[in-house]
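Below: the structure, in structure tokens.
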Amino acid sequence: MKTTRRLLLLLLPASGLFFTGCASSNLVRVKPWERATLTTYAMKPDRDPLHAAMMEHTYFSREIAAGGRGVGGSGCGCN
Numbered sequence: 004m005k006t007t008r009r010l011l012l013l014l015l016p017a018s019g020l021f022f023t024g025c026a027s028s029n030l031v032r033v034k035p036w037e038r039a040t041l042t043t044y045a046m047k048p049d050r051d052p053l054h055a056a057m058m059e060h061t062y063f064s065r066e067i068a069a070g071g072r073g074v075g076g077s078g079c080g081c082n
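Taking the numbering used here, I'd label the letters of the sequence shown as residues 4 to 82.
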């Protein structure tokens, strides 16, 4: 009982700080005239679709804990 109460007294202020930090209005907002810069080729996370596909294939081929993308089975390749 005492440990539960201590845990509650510890988590309550911590969660309050967490949620007030998430509700902060100091977020970065992108202006309409700055959006063109973000859509350039250099800003794309997957500039080369073939390279992205090969990296994804390599990752999911070697990952044993989870199956391949969208299919059942393990990472052994016997999907």
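The C-beta atom is built at its ideal place from N, Cα and C for all residues, glycine as well.
- Runs of the alpha helix (DSSP H) lying entirely within the region 10-51, each at least 4 residues long, are 38-41 in chain order.
- With respect to valine 31, leucine 41 sits apart: the two C-beta atoms are not nearer than 8 Å.
- At a Cβ-Cβ threshold of 8 Å, tyrosine 44 and arginine 50 count as neighbours.
- When only Cα atoms are considered, alanine 55 and threonine 6 end up about 49 Å apart.
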